[in-house]
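Undergrad: This is the structure I want to talk about, given as structure tokens.
2 protein chains.
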Amino acid sequence: MTGSRVSEKTIGIKAVAAHAGVSQTTVSHVLNETPHTRVSEETAARVRAAAEELGYRPNRLARGLRTQASDMIGLLTEEIATTPHAGRIILGAQEEASRRNLTLAIINSELNPDPEVDASQVQAFLDRQADGIIYATVFHDVIDAPENLRMRPAALIGARDSAGTIPAVLPDERGGAASVVDMLVARGHRRIAFAESADDVPATRGRLQGYLDGMARAGLSTEGLIASGGSDARGGYDATLELLDREPTALFCYNDRMAMGAYRAAADRGLRIPDDLSVVGFDDQAPLPESLFPALTTVALPHYEMGAWAVAALAESIRGAHDAASAAVPPTVLDCPLVERDSVAPPRRRAVA
Amino acid sequence: MTGSRVSEKTIGIKAVAAHAGVSQTTVSHVLNETPHTRVSEETAARVRAAAEELGYRPNRLARGLRTQASDMIGLLTEEIATTPHAGRIILGAQEEASRRNLTLAIINSELNPDPEVDASQVQAFLDRQADGIIYATVFHDVIDAPENLRMRPAALIGARDSAGTIPAVLPDERGGAASVVDMLVARGHRRIAFAESADDVPATRGRLQGYLDGMARAGLSTEGLIASGGSDARGGYDATLELLDREPTALFCYNDRMAMGAYRAAADRGLRIPDDLSVVGFDDQAPLPESLFPALTTVALPHYEMGAWAVAALAESIRGAHDAASAAVPPTVLDCPLVERDSVAPPRRRAVA
């Protein structure tokens, strides 16, 4: 082992004290800037110079002990193994954490279909003295937060808590879906079908409701224009075949996977996209939209922004009064923006027989 | 604020000491099980009972300070925002960390095309007293690890370090690709084409070499059977059109996105999959393989296993001699297993003219 591989750990207070010719207590007072101690400016300068020369790095744990704050946020999410979305939540959360000098830890990634956050996971995290917890979910609208989640700063992504006291951020799926209809109407479409999901998740209800809002806003009938299928390519294929009998000029699918199935159904019926049928998805789930031909117009979920928002909300909590209790606050709702690509065109004029 | 919302922080050593009628030092000795201190069994029992009654939770930071270990591992990965693979690495790493009572922190997610790990990110993490760092990359075969990465236990995923002293785990892409050819040959194929990627990444070379290994092993010519394209659906479409002129019976694509483009090219030429053309991808990148029709046979990357391996390797390092230096060790190479779905069939007998 070469001499250059000196362990970081040996440059501690003891070495600095020896180098500066003072006691360890003095070094501690100077480097921790302990108030009300009698250390002369000259001695303090000598200690700081010694620390600098030796490459002393403060032991965060020591500071943590003193202030009882670990600068750490735990992220609890079910999505991590199942969708690429978790990556965007983590990226947004981590970049915001980095800006605020917080550490982001992943504490659990298992699917948790139970509406109640697993209290034992939260407790394990409290033992690690995390300053706050972010809980992200796609499966629930509303959760019942256990007591120990309330005892620390917390933030929710994708759901709100029943008591309404935990800061929460939600995607405006309903508004995003309505904006799809607005856009299609603006392009001239009137017979706009919707391939809805059969899944029992909040997004199913939100996106259907947004479609209905948009159609109502434009004074358009939805009769016979809604079909249901599994939220995958096969489900989209089946629902689309059913809908094509009603000759829509545009088809809005619950998600991009269903839209992929819609493309195949259209091809099977000899219809070209977008000339004969405009198609819109939802999720902007890479790599699908760019891999389809033509590239799919869709709606993006603000996962990055939600991750960043949750960390910012927690940081405010943590660095505020350390008081986990707060008045009821309404959830923050973030826009789901349209991502326009190549699968929408004005409806073709039908030849009059 | 209601009385039930007592902060976790107030149940500390001081409260336990008061409740048990002993000094704080005694409490500390008992709860930390400090050896060689004179505390009677009776007193120790009283202290433990007091701690239990008050719901005392050990302050991990205090223990960390005593042993200079924070039980925390940092994960540094470029992939997190770009592919779903990072989710599998994180899941594998986090579940292994959980089993070993370690905390997994995400420290950086930005794309880093530089072959040298950003030293400032590592230093920031050392300041947080992480016990070890995992660096995961798809862009490099070999990295030059900076000195400060060597001063702590570290593990690499997807690359090895030039000095060969940092434990590393790599996917056996070459072997996985060769097994695709073996499987196609076993099904009766002889004219097996390869749509290679134009990207300058290690996987490009590994997968091409595996294809060549498999073909050589079977004594088959590759002449005119390799075409290059971008590693996306469009690139796969273009490369496949080129290759179809050579009438292969099977097409192996560098990745699933190129395979999606291959499906479209086959359809444009009136070829059915798998009856007229077998197609195989690589990556098992959800949601593509299951969304394609027929569902795509492909090769999976062991991201979960690599994440878990890296944490296990780090845990051994951390809980061993705390010595970051080690003899040169060859990288661990994990299998890339075939995932057989519906896109492969024996070649059709060609009608003799």
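Protein chains in written order, with the numbering used here: chain A, 757 to 1109; chain B, 757 to 1109. The beta carbon of each residue, even a glycine, is placed where N, CA and C say it ideally should be.
#1: Who are the near neighbours of D1091 (chain A) in its chain, counting only those whose CB is closer than 6 Å to its CB and skipping five residues on each side?
#2: May I ask you to report which of helix, strand or coil DSSP gives I845 (chain A)?
#3: For L1033 (chain A) and E1061 (chain A), I'd like the C-alpha separation in whole angstroms.
#4: How would you call T833 (chain A), buried or exposed, if buried means at least 16 neighbouring beta carbons within 10 angstroms?
#5: At least one CB of chain A closer than 8 Å to the CB of M1016 (chain B): is that the case?
#6: On the three-state DSSP scale, how would you describe A942 (chain A)?
#7: I'd like to know whether the C-beta of L1044 (chain A) is nearer than 8 Å to at least one C-beta of chain B.
#8: Between T712 (chain A) and D1039 (chain A), is the Cβ-Cβ spacing less than 8 Å?
#9: Under a CB-based cut-off of 8 Å, is L860 (chain B) close to chain A?
#10: Residues of the stretch 1014-1039 of chain A with a CB closer than 9 Å to any CB of chain B: list them in chain order, please.
#11: Flag this pair as touching only if the stretch 910-929 of chain A and the stretch 939-950 of chain A have three or more C-beta atom pairs under 8 Å; answer yes or no.
#12: On a CA-only basis, which of A:T1005, A:F1049, A:N1011 and A:D1031 is nearest A730 (chain B)? Give me that one, please.
#13: Whole angstroms are fine: how far does the CA of P909 (chain B) sit from the CA of V1111 (chain B)?
#14: Taking 6 Å as the limit between beta carbons, can you name the residues of its chain near P1103 (chain A), skipping five residues before and five after?
#15: In chain order, what residues of the stretch 968-989 of chain A put their CB closer than 8 Å to some CB of chain C?
#16: Fully enclosed by the stretch 994-1048 of chain A, which beta strand (DSSP E) runs are 3 residues long or longer?
#17: Taking V1085 (chain B) as the reference, which of B:P1043, B:A1069, B:I889 and B:V957 has the closest Cα?
#18: Can you list the residues of chain A that F1008 (chain B) reaches, using a CB-CB cut of under 8 Å?
#19: Report the residue from B:S987, B:G985 and B:L968 whose alpha carbon sits nearest the alpha carbon of T978 (chain B).
#20: Does the CB of S719 (chain B) have a neighbour CB from chain A at under 8 Å?
#21: Do A1015 (chain A) and G980 (chain A) have their C-beta atoms closer together than 8 Å?
#22: At a CB-CB cut-off below 8 Å, which residues of chain B make contact with S1047 (chain A)?
#23: Smallest Cα separation from A1056 (chain A): which of A:S854, A:P1030 and A:V1095?
#24: For Y891 (chain A), which beta-bridge partners are listed by DSSP?
#25: With a threshold of 7 Å on Cβ separation, who are the neighbours of V778 (chain A) within its own chain once the five nearest residues in sequence on each side are excluded?
#26: What distance in whole Å lies between the Cβ atoms of V937 (chain B) and P1030 (chain B), which are believed to be in contact at a cut-off of 8 Å?
#27: Are the CB atoms of L976 (chain B) and I890 (chain B) nearer to each other than 8 Å?
#28: Is V898 (chain B) helix, strand or coil by DSSP?
#29: Suppose you measure from the CA of R856 (chain A) to the CA of M907 (chain A); what does that come to, to the nearest Å?
#30: Work out the CA separation of I948 (chain A) and P958 (chain B) for me, nearest whole Å.
#31: Thinking C-beta only, is M828 (chain B) closer than 8 Å to T859 (chain B)?
#32: Would you mind telling me which residues of chain B sit closer than 9 Å to Q780 (chain A), beta carbon to beta carbon, in chain order?
#33: Please check if any C-beta of chain A sits within less than 8 Å of the C-beta of Q965 (chain B).
#34: Is it right to say A972 (chain B) is buried, meaning 16 or more other beta carbons lie within 10 angstroms of its own, or is it exposed?
#35: If you reduce the DSSP assignment to three classes, tell me which class D969 (chain A) lands in.
TA: Here's the rundown:
#1: Non-local C-beta neighbours of D1091 (chain A) in its own chain, meaning closer than 6 Å and more than five positions away in sequence, comprise D928, ordered along the chain.
#2: helix
#3: 33 Å
#4: buried
#5: yes
#6: helix
#7: yes
#8: Because residue 712 (chain A) is not part of the residues shown, which for chain A are 757 to 1109, the question remains open.
#9: yes
#10: Going along the stretch 1014-1039 of chain A in chain order, one finds M1016, G1017, R1020 and A1023 with a Cβ nearer than 9 Å to chain B.
#11: no
#12: Nothing can be reported for residue 730 (chain B): it is not among the residues displayed for chain B, which extend from 757 to 1109.
#13: Outside the modelled stretch of chain B, which goes from 757 to 1109, sits residue 1111 (chain B), for which no answer is possible.
#14: Apart from the 5 residues on each side of it in sequence, P1103 (chain A) sits with its Cβ closer than 6 Å to the Cβ of G944, H945 and T1005 in its chain, given in chain order.
#15: Although the question refers to chain C, the structure presented lacks it and instead comprises the protein chains A and B.
#16: 1006-1009 and 1034-1036
#17: Taking only the C-alpha atoms, the option nearest V1085 (chain B) is B:A1069.
#18: Those within 8 Å of F1008 (chain B) in chain A number zero; the least Cβ separation is about 18 Å.
#19: B:L968
#20: Lying before the first or after the last residue shown, residue 719 (chain B) is absent from chain B, which here runs from 757 to 1109.
#21: In this structure, G980 (chain A) does not lie closer than 8 Å to A1015 (chain A) by Cβ.
#22: Near S1047 (chain A) (Cβ distances below 8 Å), the residues of chain B are D988, A989, R1013, M1016, G1017 and L1044.
#23: A:V1095
#24: A:L832 and A:L912
#25: T799 and V803
#26: The pair is not a contact, with the Cβ atoms about 16 Å apart (cut-off 8 Å).
#27: no
#28: strand
#29: 22 Å
#30: 46 Å
#31: yes
#32: In chain order: nothing, as chain B lies at least about 14 Å away.
#33: no
#34: exposed
#35: Here D969 (chain A) sits in helix by DSSP.
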